[in-house]
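Engineer: Sharing a structure below in structure tokens format, with a few things to ask.
Given below as structure tokens:
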């Protein structure tokens, strides 16, 4: 079954990365228009992702594309499909989180192997995102640590603007970590996943910054 789905995938890792990142500048940063597309809800964009990449996602979810995890850029493409495209394709559904476990494993293995070392800023950022999406505190701690290390790398190289941009991302990483540290999970996922929220979580969900 997995082999059949792999054979049906006619999208390359390069196409996936081009679709998500567009044209990157000399520092590996995407355009402001592209960045807005990543972080704002856009039903039309969600539909585009689903129409073009749902078969790739299903193949990846079935493990048919695990070989992609063996090379840097194809590993990044696999992470994008499982950790980002899923959130566009299945927004508001439990299935939006269904690729997280595989994406997390690919990210951890890739970071240990130094896959991101020659990538640009945006690519290195998204390679780390599965850690930020994990409900395991150790992964959240690792997320903060790996972004802090990346900021130091840029700062030591004299790339202060990139270091500052990573430091902005660290603020979000810390916010994610602190929620998992306090609640043991992301309470804003409870309704989607059919989990019962505690009274304390219900109160928390009424506060600013309780969900992402």
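Residue numbers (our numbering): 1 to 212. Quick reminder that beta carbons are idealized off the backbone N, C-alpha and C, glycines included. Since the model is a prediction, treat every value here as computed from it, not as a measurement.
I'd like to check one pair, residue 106 with residue 144: are the Cβ atoms closer than 7 Å?
Structural biologist: In this structure, residue 106 does not lie closer than 7 Å to residue 144 by Cβ.
Engineer: Compare the Cα-Cα distances from residue 135 to each of 187, 167, 71 and report the closest residue.
Structural biologist: The candidate whose alpha carbon is nearest that of residue 135 is 187.
Engineer: Evaluate residue 88 with the Cβ neighbour count: other Cβ atoms within 10 Å of its Cβ, from every protein chain shown; 16 or more gives buried, anything less gives exposed.
Structural biologist: When all chains shown are included, residue 88 counts as buried.
Engineer: If you run the structure through DSSP and keep just helix, strand and coil, what is residue 212?
Structural biologist: In the structure shown, residue 212 sits in coil (DSSP, three-state: anything other than H, G, I, E or B).
Engineer: Does residue 32 pass the burial test, meaning 16 or more other C-beta atoms within 10 Å, or should it be called exposed?
Structural biologist: So residue 32 ends up on the exposed side.
Engineer: Suppose you measure from the CA of residue 92 to the CA of residue 153; what does that come to, to the nearest Å?
Structural biologist: Cα-Cα distance, rounded: 36 Å.
Engineer: So for residue 139, helix, strand or coil by DSSP?
Structural biologist: Note: residue 139 maps to helix in three-state DSSP.
Engineer: Quick check for students: name the residue ranges of the alpha helix (DSSP H) that lie wholly in the segment 83-115, counting only runs of 4 or more.
Structural biologist: 86-89, 100-112, all fully within the segment 83-115.
Engineer: Under 7 Å Cβ to Cβ from residue 226, same chain only, skipping five residues before and after it: list those, please.
Structural biologist: The chain is shown from 1 up to 212; residue 226 falls before or after that span and cannot be answered.
Engineer: Which value, in whole angstroms, describes the spacing of the CA atoms of residue 122 and residue 139?
Structural biologist: Going by the C-alpha atoms only, they are around 20 Å apart.
Engineer: Here's a check: name, in chain order, each residue in its chain whose Cβ is nearer than 6 Å to the Cβ of residue 190, leaving out the five neighbours to either side.
Structural biologist: Excluding residues within five positions, the ones whose Cβ falls inside 6 Å are 197.
Engineer: Can you give the Cα-Cα distance for residue 76 and residue 193, rounded to whole angstroms?
Structural biologist: Answer to the nearest angstrom: the Cα atoms are 26 Å apart.
Engineer: Mind reading off the beta-carbon distance from residue 102 to residue 67? Whole number of angstroms is fine, and I expect it under 8 Å.
Structural biologist: Not quite, the Cβ-Cβ distance comes to about 13 Å (not below 8 Å), so this is no contact.
Engineer: Would the beta-carbon of residue 43 fall within 7 Å of that of residue 83?
Structural biologist: No, they are not a contact pair.
Engineer: Assuming residue 69 contacts residue 110 under a Cβ cut-off of 8 Å, what Cβ separation, rounded to an integer in Å, is found between them?
Structural biologist: Indeed, because the Cβ distance is near 7 Å, the residues count as touching under 8 Å.
Engineer: Going by CA-CA distance only, name the one from 28, 151, 157 that's closest to residue 164.
Structural biologist: Measuring from the Cα of residue 164, the nearest candidate turns out to be 151.
Engineer: Would you tell me roughly how many angstroms separate the C-alpha atoms of residue 65 and residue 47, rounded to the nearest one?
Structural biologist: The straight-line gap from Cα to Cα measures roughly 23 Å.
Engineer: Give the single residue among 28, 56, 36 whose Cα lies nearest to the Cα of residue 15.
Structural biologist: Comparing Cα-Cα distances from residue 15 to each of 28, 56, 36, the minimum goes to 56.
Engineer: If you measure between the beta carbons of residue 115 and residue 72, is that distance less than 7 Å?
Structural biologist: Yes, Cβ-Cβ distance for residue 115 and residue 72 is below 7 Å.
Engineer: Where are the alpha helix (DSSP H) runs, 4 residues long or more, that stay fully inside the segment 133-194, in chain order?
Structural biologist: If we require 4 residues or more, the alpha helix (DSSP H) runs fully inside the segment 133-194 come out as 137-156, 160-183, 190-193.
Engineer: With DSSP as the reference, label residue 11 as helix, strand or coil.
Structural biologist: Coil at residue 11, not helix or strand.
Engineer: Rounded to whole angstroms, what is the Cα-Cα separation between residue 161 and residue 199?
Structural biologist: Taking the straight line from one Cα to the other gives about 43 Å.
Engineer: Using C-beta distances below 7 Å, list every residue in its chain close to residue 133, excluding the 5 sequence neighbours before and after it, in chain order.
Structural biologist: Only 83, 100 meet the Cβ criterion.
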